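Protein chains: 2
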Amino acid sequence: MTTSASKLRVFRMGIDTHQELVIYMRHDCDVCLSEGFVASSRVGISALGRSTIATLNVTSDRLIPEGYAGLSDSAMERLGVSHSDLISIHHAPYVESLSLVRRKVFGHRLDPGDMVRIVSDISAHNYSDVEIACFLSVCAGGRLDFDEIVALTRAMVDCGEQLEWPGTDRVFDKHCVGGLPGNRTTPLVVSIVSSAGLVMPKTSSRAITSPAGTADTMEALTNVRLGLNEIRRVVRETGACLAWGGAMNLSPADDLLIRIERALDLDGDGQLVASVLSKKVAAGSTHAVIDIPVGDTAKVRTLADAERLSSLFQNVGAACGMHVRCIVTDGKKPVGAGIGPTEEARDILAVLQGESGAPGDLRARAVLLAGHLFDLADGLGVDAGMNKADRLLQDGSAWEQFRRITMAQGGLKTLGQARFRHTVRASDSGEVQSIDNRRLARVAKLAGAPASLTAGLRLHVNVGDTVTAGQPLYELLSDSPGQRDYALAFSQMGSPIFNIQKEP
Amino acid sequence: MTTSASKLRVFRMGIDTHQELVIYMRHDCDVCLSEGFVASSRVGISALGRSTIATLNVTSDRLIPEGYAGLSDSAMERLGVSHSDLISIHHAPYVESLSLVRRKVFGHRLDPGDMVRIVSDISAHNYSDVEIACFLSVCAGGRLDFDEIVALTRAMVDCGEQLEWPGTDRVFDKHCVGGLPGNRTTPLVVSIVSSAGLVMPKTSSRAITSPAGTADTMEALTNVRLGLNEIRRVVRETGACLAWGGAMNLSPADDLLIRIERALDLDGDGQLVASVLSKKVAAGSTHAVIDIPVGDTAKVRTLADAERLSSLFQNVGAACGMHVRCIVTDGKKPVGAGIGPTEEARDILAVLQGESGAPGDLRARAVLLAGHLFDLADGLGVDAGMNKADRLLQDGSAWEQFRRITMAQGGLKTLGQARFRHTVRASDSGEVQSIDNRRLARVAKLAGAPASLTAGLRLHVNVGDTVTAGQPLYELLSDSPGQRDYALAFSQMGSPIFNIQKEP
Numbered sequence: 032m033t034t035s036a037s038k039l040r041v042f043r044m045g046i047d048t049h050q051e052l053v054i055y056m057r058h059d060c061d062v063c064l065s066e067g068f069v070a071s072s073r074v075g076i077s078a079l080g081r082s083t084i085a086t087l088n089v090t091s092d093r094l095i096p097e098g099y100a101g102l103s104d105s106a107m108e109r110l111g112v113s114h115s116d117l118i119s120i121h122h123a124p125y126v127e128s129l130s131l132v133r134r135k136v137f138g139h140r141l142d143p144g145d146m147v148r149i150v151s152d153i154s155a156h157n158y159s160d161v162e163i164a165c166f167l168s169v170c171a172g173g174r175l176d177f178d179e180i181v182a183l184t185r186a187m188v189d190c191g192e193q194l195e196w197p198g199t200d201r202v203f204d205k206h207c208v209g210g211l212p213g214n215r216t217t218p219l220v221v222s223i224v225s226s227a228g229l230v231m232p233k234t235s236s237r238a239i240t241s242p243a244g245t246a247d248t249m250e251a252l253t254n255v256r257l258g259l260n261e262i263r264r265v266v267r268e269t270g271a272c273l274a275w276g277g278a279m280n281l282s283p284a285d286d287l288l289i290r291i292e293r294a295l296d297l298d299g300d301g302q303l304v305a306s307v308l309s310k311k312v313a314a315g316s317t318h319a320v321i322d323i324p325v326g327d328t329a330k331v332r333t334l335a336d337a338e339r340l341s342s343l344f345q346n347v348g349a350a351c352g353m354h355v356r357c358i359v360t361d362g363k364k365p366v367g368a369g370i371g372p373t374e375e376a377r378d379i380l381a382v383l384q385g386e387s388g389a390p391g392d393l394r395a396r397a398v399l400l401a402g403h404l405f406d407l408a409d410g411l412g413v414d415a416g417m418n419k420a421d422r423l424l425q426d427g428s429a430w431e432q433f434r435r436i437t438m439a440q441g442g443l444k445t446l447g448q449a450r451f452r453h454t455v456r457a458s459d460s461g462e463v464q465s466i467d468n469r470r471l472a473r474v475a476k477l478a479g480a481p482a483s484l485t486a487g488l489r490l491h492v493n494v495g496d497t498v499t500a501g502q503p504l505y506e507l508l509s510d511s512p513g514q515r516d517y518a519l520a521f522s523q524m525g526s527p528i529f530n531i532q533k534e535p
Numbered sequence: 032m033t034t035s036a037s038k039l040r041v042f043r044m045g046i047d048t049h050q051e052l053v054i055y056m057r058h059d060c061d062v063c064l065s066e067g068f069v070a071s072s073r074v075g076i077s078a079l080g081r082s083t084i085a086t087l088n089v090t091s092d093r094l095i096p097e098g099y100a101g102l103s104d105s106a107m108e109r110l111g112v113s114h115s116d117l118i119s120i121h122h123a124p125y126v127e128s129l130s131l132v133r134r135k136v137f138g139h140r141l142d143p144g145d146m147v148r149i150v151s152d153i154s155a156h157n158y159s160d161v162e163i164a165c166f167l168s169v170c171a172g173g174r175l176d177f178d179e180i181v182a183l184t185r186a187m188v189d190c191g192e193q194l195e196w197p198g199t200d201r202v203f204d205k206h207c208v209g210g211l212p213g214n215r216t217t218p219l220v221v222s223i224v225s226s227a228g229l230v231m232p233k234t235s236s237r238a239i240t241s242p243a244g245t246a247d248t249m250e251a252l253t254n255v256r257l258g259l260n261e262i263r264r265v266v267r268e269t270g271a272c273l274a275w276g277g278a279m280n281l282s283p284a285d286d287l288l289i290r291i292e293r294a295l296d297l298d299g300d301g302q303l304v305a306s307v308l309s310k311k312v313a314a315g316s317t318h319a320v321i322d323i324p325v326g327d328t329a330k331v332r333t334l335a336d337a338e339r340l341s342s343l344f345q346n347v348g349a350a351c352g353m354h355v356r357c358i359v360t361d362g363k364k365p366v367g368a369g370i371g372p373t374e375e376a377r378d379i380l381a382v383l384q385g386e387s388g389a390p391g392d393l394r395a396r397a398v399l400l401a402g403h404l405f406d407l408a409d410g411l412g413v414d415a416g417m418n419k420a421d422r423l424l425q426d427g428s429a430w431e432q433f434r435r436i437t438m439a440q441g442g443l444k445t446l447g448q449a450r451f452r453h454t455v456r457a458s459d460s461g462e463v464q465s466i467d468n469r470r471l472a473r474v475a476k477l478a479g480a481p482a483s484l485t486a487g488l489r490l491h492v493n494v495g496d497t498v499t500a501g502q503p504l505y506e507l508l509s510d511s512p513g514q515r516d517y518a519l520a521f522s523q524m525g526s527p528i529f530n531i532q533k534e535p
């Protein structure tokens, strides 16, 4: 119901509430009083033909002028309104699909139509954070069966853009399930396989919890903010791209779900598989290799978990028309020597340019993944594929292709240098038994990565190396003394990041 | 980890975020940057020996002065701080009990120790709203077994205050599962049974979603804001009280859980039983009668649901050392003629004073519940108990006792009158087949109840009555023309509130 009393003007609050949409109304606001709104009410807002639902925060009369309602950044963006635009306020419409979520709470299965209705409403920002939390909670813990996971994946694809690649019937992709600092194989794999003619239009995300995402690393090397038309041109010219996918609106529900999953530390297999595959299917991929590193401080901790996840990826992929192959890899130690956008980019250039000091583990991982992609493409076996990948790196074809891609995206940048460098040294002598990847990533983040492209760290030793007390373990790289000190303080607290077995 | 950089001063935002604690930090705040906080991060805050966890909203530099962090009203209250007090900011400590919630997500049972840890953290405001939503979602839908419900109830009791009533070994209580406008039997039942010597120290809540709670209705009649010492004195003097329970800190987790349950529209049996019984056990009650009205637009909709709920109430009560008896009643039509605090109070006085126009249905319900309480106390049968209750009303003993209680609480007030009255009339002739209780309650709320004590409505007809077109259905009572118009507009929209079967 909309009455004349329910029109208010937009007040830009300048508050970032993340993706939750929030409306701020004065406690003495006529609309608040007459609608019976109280703090946490769900409120319907319409403006210029767009409408949405927001959560109410009630404010004192000091904060907002009379006749205005404040909006969070997210709500202003969603409604496409500016300060002082007229909006109308009403009771939030009942979100029908919530009754389906409640059915799931009570143990009923969700059919494909149910999933489409739920995911559409989530994509349209019609669910509050607690409603998304409810949906995720009752779908986690193995409560989605195979058909439900397939339905969820397809619904997530259907609710966003879907890319098509005219002129090619096979589009290749790769993904890493994550948790391993420095495991930046994507730019290498894309360069290798597309130098041999496979089409690989790769869109990547920025870091969410890690010191660098592929998009952050590529940003140190070239322009990654490409529109869909630019991506099409780059792929037409080079057979590949290495772009940021954030502006593509592929599987938009995924971003909304991932944020709450992370807040709840719920990483159900079903959600993970739907999240990854929905992005791939929406991007038009037909063949994908998925890297699943296994290790105590990686995302997947046991081989049994990795195998269950592999089989789910392959079967759900098949149900969505994709050839998916999973490769379980060693997730015990960091990959390469650089952690953070610029330092990871440095490793990538070293591998592509065949430098003598280039990290062998990063190169070997890229060759393995590219080899599997070649096998998926030609069926000549993984060994033949790996040999081919190795040759394409060695003869400079991959490096040439990487330069073509970055040129098409706007040119290859020169890598920067961090302003502050500090060497962290071993306090004991002995063999490095293990490295806590989670805490190491945290040090790089506290040093400023990825917001500061040059921040992060450079490892001098890895698991299995023998060190003597006083020998450099890594260099900490940062652009402000505060961040450097903060990262160092953290690195010295709690259990040691490098577990060094003292010599007897 | 706390460094000197993480001290900030409190800025009073004046934002009511309900019970969720929110901290507002500038996007360029050193602490934000160095700690790596982003919007929605969980942030630890300490001040003057108290500490808590809040959800971060990041703001522009316009809203908050440098060196300050904004706090929501709820966070300021929780920390006991004032504007410009010094607080220190740090990463939120890991909340250990969340791992138990995750175990429940994955299908494990929660034992009594687990429940205590979870409920303690919820009571201490250590869970975010989405974390509470996760806990509730995986406990709903029959996913709590009997032992878990008992464990939850006991944990909720243990986490708050527990009242004791020295000198008496039997303490009586009543509760109504709700959803029926005007069903304000509590003041009647308390007066009846305590006039015969049963001890009934009744603390009640204010309305949450209804036009009046018992505490709101009693506020129209006397002072209900009593501290624990005053309650003890009133009970010592009269054997009973009719006070607001909100300041008692009985089962504090309940209020936090109920808010999210309501937002999710999840009313799992287990949660409902734990919520109701934890308040009763904490209040020191030993015997309770629970009224479960059943009807299409009441909270419990079928007899089967009511029976399942009854048995759960009785068994969980027994496991917590309480004698609980449930009474399933007709929940199809409003009770009495008044809806809203003052109008319900008017009906109560009419019944107590034996006025000829007093609503018979309200009187009969009070007699039924009091009769069951007498039977619980003396075992002489419900009929005998009801006769006794009827007599105590008829001979003025209950009215005398009500006056003693209200005198002890500060005196009997004269009821007010709403400023605006508007008669809503039948548009058709025929028999009133049914009344939509939910929409009727909404009209009373839009008219201003319960915030405005005199707002609400007064029914002139009820289900089963025959009306002619133009005959008054009810009078709408409000204190502002805006609220009156708004309530009237709502009453005229959508499906009719009074379903009148037209004459052939």
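Keeping their order, the protein sequence lines are chains A and B.
The opening residue of the first sequence carries number 32 in my numbering; numbering runs sequentially from there.
The opening residue of the second sequence carries number 32 in my numbering; numbering runs sequentially from there.
Note that beta-carbon positions come from the ideal geometry of N, C-alpha and C, so glycine has one too.
Nothing here was measured: the structure is a model prediction, and the numbers come from that model.
Comparing C-alpha distances from A:H403 to each of A:L259, A:F137, A:H354, A:R456 shows the shortest one belongs to A:H354. For A:M107, the enclosing alpha helix (DSSP H) stretches over residues 104-110. Counting along the chain, the unbroken beta strand (DSSP E) around B:H318 starts and ends at 318-325. Rounded to whole angstroms, the gap between the alpha carbons of B:A520 and B:V112 is 44 angstroms.
Using a CB distance below 9 angstroms, the part of the region 37-67 of chain B facing chain A consists of R43, M44, G45, I46, D47, T48, H49, Q50, E51, V53, Y55, H58, D61, L64, S65, E66, G67, ordered along the chain. DSSP places B:R473 inside the alpha helix (DSSP H), whose first and last residues are 468-477. A direct Cα-Cα distance of roughly 9 angstroms separates B:E506 from B:R456.
Nearest to A:D392 by C-alpha distance, out of A:V413, A:S458, A:G213, A:G447, is A:G213.
As computed with DSSP, B:M56 is found in a beta bridge with B:V89.
At a cut-off of 7 angstroms between C-beta atoms, A:S91 counts as an interface residue with respect to chain B. Identification of residues in the region 71-102 of chain B having a C-beta nearer than 7 angstroms to some C-beta of chain A yields S71, N88, V89, T90, S91, R93, L94, given in sequence order.
Counting only the Cα atoms, A:M44 lies some 37 angstroms from B:L508. Close CB contacts of A:N530 within its chain, under the 6 angstroms cut and outside five residues either way in sequence, are with Q464, S465 (chain order). In this structure, the beta-carbon distance from A:S103 to A:V53 falls below 7 angstroms.
Going by DSSP, B:S168 is part of no beta strand (DSSP E) but of the alpha helix (DSSP H) stretching over 160-170. With a threshold of 7 angstroms between beta carbons, A:V161 makes contact with chain B. The beta-carbon of B:I291 is placed less than 7 angstroms from the nearest beta-carbon of chain A.
Neighbours of B:R133 in chain A, taken as residues whose beta carbon is under 9 angstroms from its own, are A171, G172, L295, D296, L297 in chain order. No Cβ of chain B is located within less than 7 angstroms of the beta carbon of A:F451. A:G138 reaches chain B at G172, G173, R174, counting residues in chain order whose Cβ is nearer than 9 angstroms. Burial is judged here by how many other beta carbons sit within 10 angstroms of a residue's own beta carbon; A:N260 has fewer than 16 and is exposed. Chain-order list of chain B residues neighbouring A:C165: A164, C165, L167, S168, L295, L297, by C-beta distance under 8 angstroms. Measuring C-alpha to C-alpha distances from B:K364 to each of B:N468, B:L399, B:V255 identifies B:N468 as the nearest.
Every beta strand (DSSP E) of 3 residues or more that sits fully in the region 320-383 of chain A is shown, in chain order, as 354-361. Per the Cβ contact rule, the region 155-169 of chain A is not in contact with the region 318-332 of chain A (fewer than 3 Cβ pairs under 8 angstroms).
Given a length threshold of 4 residues, each whole run of the alpha helix (DSSP H) inside the region 251-318 of chain A is given here in chain order: 259-269, 283-295, 300-313. For B:M231, no alpha helix (DSSP H) encloses it; the enclosing beta strand (DSSP E) starts and ends at 231-235. Rounded to the nearest whole angstrom, the C-alpha separation of B:V208 and B:T373 is 22 angstroms. Secondary structure at B:D47: strand, using DSSP grouped into helix, strand and coil.
A:S115 places its beta carbon less than 7 angstroms from that of A:R40. Taking all protein chains shown into account, A:T217 has 16 or more neighbouring C-beta atoms within 10 Å of its C-beta and is therefore buried. Shown here, A:Q532 sits in a strand according to DSSP, grouped into three states. A:H403 sits in a helix when the DSSP states are folded into three classes.
Residue state for A:V126 is assigned as coil, using DSSP reduced to three classes. If you ignore the 5 residues before and after A:A337, its C-beta comes within less than 6 angstroms of the C-beta of I323, V325, V331, V359, all in its own chain and listed in chain order. Relative to A:D361, the option among A:S91, A:V492, A:L334, A:Q448 whose CA is nearest is A:L334.
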